[in-house]
Amino acid sequence: MGPHQELIVANVEDDDDLVGRTPDDEMERVGALNPDFYIPSDRWVYEDTMTPAAQLKEIDRCMSGTRAVYNRIQDRDDLSTSVIPLAKGWKVWHFERCRRTIDDLGIDYCAFDVTQYESIYMILDDVRTLIDVIQPSGILLIGRIAPDHLRRCPAEVVAATGVNHWRKNCEPASGELSREAYGNWATDANNALTTVPSETRQSRLDQFPGITGVQFHG
């Protein structure tokens, strides 16, 4: 890590890896890495294979874990980590459930995982629903960093993270990272978030705690 970089650690992994994971397990990771930001307690919420009751159960587990991890970090004088809560789901009542926890913690920003989305139109619809319900000052979008997609996002999307797109565009046939290609790609992606036609973009960037520019992490 360079002095200009900030470490964001996310508990966003394959479902099988999340089974049985507890706040104690998460705190072991946080304690070992002391990241600048931590996104806790991801759970799975699916439309086609889960009933509304099952969806609610997993959202509540995510929010309960978020509260537990947040409180434990606050109790640790040796940690300077800020929590970025996950907004789970896609329906109004899903986000209402998340909003209670986010408001209770006094946080006005969140992360939203769109890794498994196949359509940018679905992403935009759900991001707008999230904004209408939670009204965050900033959103970290997980799993979508293509510049042409970021340009279409609402002004509240102020940061993004992902792997596939930058690797595809920055690794030549040899498989080794091209720093020049990465630099060009990162500039394009950064501009996609900061130069959209919105007067509110930069002011919202300034409100995202500790982030003075858009961060890209693979």
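Heads up: the sequence shown runs through residues 286 to 503, numbered per this note's numbering. C-beta atoms are modelled at their ideal positions from N, C-alpha and C, and glycine is treated no differently.
What first and last residue would you give for the alpha helix (DSSP H) that runs through residue i?
i: L478; result: R464 to T479
i: V354; result: P337 to Q359
Is the beta carbon of residue j closer than 9 Å to that of residue i?
i: N476; j: P439; result: no
i: P421; j: L390; result: no
i: I392; j: H434; result: no
i: V412; j: E441; result: yes
i: A474; j: I405; result: no
i: E298; j: D333; result: no
Using three-state DSSP, classify residue i as helix, strand or coil.
i: Y406; result: helix
i: A431; result: coil
i: V330; result: coil
i: T386; result: helix
i: L371; result: strand
i: G423; result: strand
i: V294; result: strand
i: G305; result: coil
Note down, in chain order, each residue of its chain lying with its Cβ closer than 8 Å to the Cβ of residue i, except the 5 sequence neighbours on either side.
i: G374; result: V330, Q340, I344, F380, R382 and C383
i: F322; result: E291, L292, I293, V294, T366, S367, V368, I369 and G495
Looking only at its own chain, which residues have a Cβ that is under 7 Å from the Cβ of residue i, when we skip the five neighbours before and after it?
i: L462; result: C455 and E456
Pull up the CB-CB distance for residue i and residue j, whole angstroms please, since I reckon it's below 8 Å.
i: M335; j: T386; result: No, M335 and T386 are not in contact; Cβ-Cβ is about 20 Å, not under 8 Å.
i: D388; j: I427; result: Between I427 and D388 the Cβ distance is about 21 Å, and since that is not below 8 Å, they are no contact.
i: L303; j: A372; result: No, L303 and A372 are not in contact; Cβ-Cβ is about 17 Å, not under 8 Å.
i: P308; j: R361; result: Not really, about 13 Å apart at Cβ, beyond 8 Å.
Grab me the residues of residue i's own chain with a C-beta within less than 6 Å of its C-beta, minus the 5 sequence neighbours each way, in chain order.
i: P295; result: Here the sequence assigns Ala to residue 295, which means Pro is not the residue at that position. These residues qualify, in order along the chain: I324.
Kindly examine the ligand ZN and report whether one of its heavy atoms sits closer than 8 Å to the Cβ of residue i.
i: R429; result: With respect to the ligand ZN, the structure shown offers nothing to examine, as it has no ligands at all.
In the DSSP assignment, the beta strand (DSSP E) including residue i goes from what residue to what residue?
i: C455; result: Not the beta strand (DSSP E): C455 falls in the alpha helix (DSSP H), residues N449 to C455.
i: A445; result: V442 to T446
i: D398; result: Y394 to D398
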